[in-house]
Structures are given as structure tokens and as C-alpha cells.
Amino acid sequence: MLNPDKIKDDQSDFELDLSDPGALPEEAIESAVDLMRTGRLHRYGEYSGTEPHAALFEKEYAAYVGSKYAIGVNSGGCAMFLGLKSIGVEQGDKVLVNAFNLAPVPGAITHAGASAVLVEVDQDHRINLSDLEEKAKSSGAKALMLTHMRGHIADMDEITRICGENNLMLIEDCAHTMGAGWKGKFTGLFGDVGCFSTQTFKHINSGEGGIIITDDDDIAAKAILFSGSYMLYGQHQSAPPQEVFDRHKMHTPNFSMRMSNLVACVLRPQLKQMTERGKRWNHLYYQLADRLNSIDHVEVLAREESEQFVASSIQFHVRSLDAEKIQRLSERCTDRGVAIKWFGRKNPMGYTSQYHDWQYLEKQHLPNTDTVLSTTCDMRIPLSLTESGCDHIAEIIQQEVGALSA
Ligand SMILES: Cc1ncc(COP(=O)(O)O)c(C=O)c1O
């Protein structure tokens with residue numbers, strides 16, 4: 001809870017950069033330097049049988065998450081594109097996807113030649129199950145790309161039921177849910193494919209990078225071939241047997257979206273820290289949620305008990321302020337060092353998330369999503385944040401909400 005006496009006095013700005021990704025572990029730095037001394041940054045060796053970091057990382061990631069296979073690629077967006085191609089999405093197919101999303105997601109669907117059918121989201125940012133069920137029946141979609149947007153995990157029992165009953169393939173976009181689960185099962189394992197990102201602002205950081213997980217032999221072989229393995233797929237240690245590749249190797253184009261050894265070598269030490277990182281993020285999340293919920297007009301998004309989230313960001317609604325005031329709130333807090341993103345913003349800026357901005361999609365109207373986003377604010381939680389930093393952030397937000405609602 002906030003201390004009301006302290007709040008009145010402290011008008012100072014917040015000093016920590018909320019976009020601070022934090023230094024990589026020393027082990028990652030040393031590993032990268034050692035690798036650079038060898039020059040073997042490309043994952044495949046044509047003649048010598050080394051143990052490349054990319055293959056080792058894939059094996060370690062599959063073991064971590066409990067999938068049969070993991071395939072490293074060059075970005076989360078490419079993981080989704082390759083996931084769609086590997087499950088058999090073709091030109092002109094329809095793919096259902098949450099309307100509240102990030103640009104690379106409709107981008108990956110478009111890249112695969114499919115058209116995105118947007119589905120409404122609820123107040124808690126999760127996909128609206130009745131709209132999903134209705135559009136699963138009416139659209140003729142082949143697949144659902146389910147983004148666990150900002151780490152909010154839908155009722156996966158219902159999602160798998162709807163997909164099963166409507167013959168929908170399921171790809172989970174887990175860019176915001178590495179290490180997170182639903183009723184004890186990691187996200188990414190509920191459907192045909194799970195996709196992760198290791199871009200700098202995700203749970204582990206290699207600048208750019210992506211991971212595909214699957215339990216399906218054919219999907220795994222196709223994803224490896226599509227990712228650009230040439231005929232060197234045998235160097236993958238997380239891969240189906242040769243006869244599966246024999247079915248696909250002459251029919252699968254090489255899209256050159258490989259993970260490099262340099263990326264993999266900085267990810268491996270970070271993967272070992274995932275459990276600790278998750279605990280720290282959630283501790284900071286609860287500190288912030290408790291303080292923000294005590295501010296008038298502010299309501300942190302509700303979470304269900306079955307969601308085992310890893311909160312690298314926090315979302316809250318600002319009630320009873322109009323759009324202009326919420327925009328000013330976001331600007332005033334940002335000017336004071338508390339970078340708050342407002343998802344109701346009409347002009348795209350930064351990492352835009354408004355479906356209206358993706359005008360290459362067929363025009364679609366999602367009034368509930370518009371209403372939800374019109375009051376939603378979002379803030380990153382860097383691991384370098386402290387408990388007193390959480391107090392200070394909440395004080396600044398309280399002061400600014402107070403000033404705008406006076
Ligand atoms: C929800 C979501 N999905 C997918 C991606 C794609 O990841 P990448 O940036 O690695 O392509 C992002 C990236 O920020 C994202 O936020």
C-alpha cells in the first residue's frame with residue numbers, strides 16, 4: 001500500500017530506465033568471445049562435427065519446456081511464419097488471431113499468404129471465447145494463432161476444446177509467456193506449435209531470435225528444413241528420424257531463417273536463470289499491483305488462479321478519465337521517467353498494438369476490443385527494479401492521476 005504522507009512531498013522524477021534490458025550474464029559474454037575467436041558463428045559445419053551452440057540450445061530448450069522438439073530461428077516473427085507454413089497453412093487460408101496483438105503477428109500471417117480474422121478480447125486482455133467460437137464456425141479458418149498477449153493466458157481447457165470441435169490447428173504465440181503455464185503445463189505445449197521470441201525485451205535476450213516447439217515429427221522436420229538447414233539437418237540434436245526428413249526434404253523451400261551460434265551461445269546461460277528471473281519478475285509485479293490497485297481510478301488487470309504467468313510487464317485500466325486525459329497521463333508519467341504506454345492511442349507510435357493500424361488487413365470492426373484498449377495502460381518491469389522503485393513509480397502515477405482527475 002502507498003503511504004499517503006510521503007506521496008504529497010515527493011515530486012521527484014524516477015531515475016531508472018524502465019527499458020533497461022540488464023547486462024547479459026558473464027558466462028554468456030565469455031561464451032560469445034570464445035565463439036568469436038573460432039569464427040564459427042553459422043550453426044552448420046560442412047565437414048567437421050563440432051557441437052554447435054544452436055543445436056545444444058535447442059536440446060536444452062526442449063528439455064526445459066518438455067516438448068519433443070525445439071528449433072531455433074532468427075526471430076519470433078519468423079518462428080510464427082515457419083510454424084504456419086509447417087502446419088500446412090497456404091495462400092488464401094484464414095487464420096484466427098486475437099485483435100489485441102503486436103504487429104509481427106498479423107505480419108507473420110500475411111507473410112504466410114493467409115488472411116487474419118481478428119477475434120475480440122476481454123477486459124483482462126484474453127481472447128473472447130464466444131467470439132472465437134462463433135468465428136471458428138463462421139470463418140472457415142484453418143488455424144488459430146493464439147497470442148498470450150502481455151502474458152495473459154486464456155482458459156486453455158476451453159481453447160483446446162474449441163479448436164478440437166472446429167478442426168482448427170493451434171499455434172501459440174508465447175513471445176510474452178516464456179516460463180509461464182496454465183494449470184501446471186507450459187504455454188506452447190497446448191497445440192500443434194509453440195513460438196517464442198528472444199528479442200531484447202523478452203525473458204531471455206539475444207537481440208533477435210526465436211524458437212519453435214512441437215511434438216509432431218512432420219512439423220518439426222518441415223520447420224527445420226524451412227528454417228534453412230540445407231541437407232545438414234542431421235546436425236540438429238532435437239530432430240525427428242531420417243525417414244521423416246526423407247518425406248519432406250525435396251518439397252520444402254529453404255527460407256534462410258536460421259538461429260546463429262552467436263545467438264544461441266548467449267541464450268544458453270540465460271535459460272539456466274529462467275526460474276529465478278520468473279520469481280523476481282512476479283515479486284516485482286505483485287509489489288506494483290498492490291500499490292497501483294490502491295490508487296483511485298486505477299485497476300490492475302484481473303488474473304485467474306490457473307494462470308502461472310511470468311510478469312515482465314504490468315497492465316492496468318484507468319477508469320473515468322477521458323481519452324485525452326489518459327494520453328496526457330501517459331505523457332506526464334513518461335516525462336517523469338515512468339514510461340507508460342497507452343494502448344488506446346490513435347496514432348501508431350513505438351511498438352504499436354492497435355489493429356486499426358494494420359491497414360493491409362481486410363477492414364474489421366471489434367468494438368469490445370476498442371473499448372478495452374481505450375482504458376489500458378502498460379509498463380515494462382525491468383529486473384533491475386527495486387521495491388522502493390515500485391513505491392516511487394506508484395507515487396508518480398498517483399500524483400499524475402490525481403492532478404488529471406481533480
Ligand atoms: C506478442 C508478440 N508476438 C510476437 C513477437 C515477435 O517477436 P520478434 O520481435 O522476435 O519477431 C513479439 C515481439 O515483440 C510480440 O510482442
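The numbering of the sequence shown is this note's numbering, which starts it at 1 and goes up by one. For glycine and all other residues, C-beta sits at the position ideal for the given N, C-alpha and C.
Problem - residue 295 - partner residues in DSSP beta bridges - result: In the DSSP output, where bridge partners are listed per residue, residue 295 has none listed.
Exercise for the section: Please classify residue 44: is it buried, with 16 or more other beta-carbons within 10 angstroms of its beta-carbon, or exposed? Expected result: buried
Problem - Where the beta strand (DSSP E) through residue 313 begins and ends - result: 313–318
Exercise for the section: Check whether the Cβ of residue 28 sits closer than 7 Å to any heavy atom of ligand 1, and report yes or no. Expected result: no
Handout entry: Alpha carbon of residue 76 to alpha carbon of residue 107, nearest angstrom
Key = 11 Å
Handout entry: Within 8 Å, strictly: CB atoms of residue 278 and residue 188
Key = no
Practice task
Name the residue from 14, 38, 27, 68 whose alpha carbon lies nearest to the alpha carbon of residue 236.
Solution key: 68
Handout entry: Residue range of the unbroken beta strand (DSSP E) whose run includes residue 379
Key = 376–380
Problem - Strand pairing of residue 172, partner residues [DSSP] - result: 146, 194
Exercise for the section: Work out the CA separation of residue 252 and residue 15 for me, nearest whole Å. Expected result: 51 Å
Exercise for the section: Leaving out five residues on either side along the sequence, give the residues of the same chain with a beta carbon under 8 Å from the beta carbon of residue 163. Expected result: 136, 144, 169, 170, 191
Problem - Own chain, CB closer than 8 Å to residue 340, minus 5 neighbours either side, in chain order - result: 329, 330, 333, 334, 377, 378, 379, 397
Handout entry: Helix, strand or coil at residue 310 [DSSP, three-state]
Key = coil
Handout entry: Of the residues 46, 201, 58, the one placed nearest residue 18, counting alpha carbons only
Key = 201
Handout entry: Identity of the residue in 156, 157, 151 nearest residue 177 by Cα
Key = 151
Exercise for the section: Would you be able to state if there are at least three C-beta pairs under 8 Å between the segment 268–283 and the segment 304–315? Expected result: yes
Practice task
With a threshold of 7 Å, establish whether the CB of residue 175 neighbours any heavy atom of ligand 1.
Solution key: yes
Exercise for the section: Rounded to whole angstroms, what's the CA-CA distance from residue 336 to residue 399? Just pull it up for me. Expected result: 11 Å
Handout entry: C-beta atoms of residue 375 and residue 283 nearer than 8 Å
Key = no
Problem - Contact under 8 Å by Cβ, residue 84 with residue 95 - result: yes
Practice task
Kindly provide the ranges of any beta strand (DSSP E) runs that are 3 or more residues long and lie completely inside the segment 210–244, ordered along the chain.
Solution key: 210–214
Exercise for the section: Report the rounded CA-to-CA distance for residue 305 versus residue 100, giving the unit in angstroms. Expected result: 22 Å
Practice task
Just the C-alpha distance for residue 215 and residue 390, rounded to the nearest angstrom, thanks.
Solution key: 40 Å
Practice task
Look at the Cβ atom of residue 258, then the Cβ atom of residue 227, and state whether they are nearer than 8 Å.
Solution key: yes
Handout entry: Spatial neighbours of residue 41 in its chain, beta-carbon cut-off 6 Å, leaving aside the 5 residues before and after
Key = 260, 261, 262
Exercise for the section: Give the range of the beta strand (DSSP E) segment to which residue 115 is assigned. Expected result: 115–119
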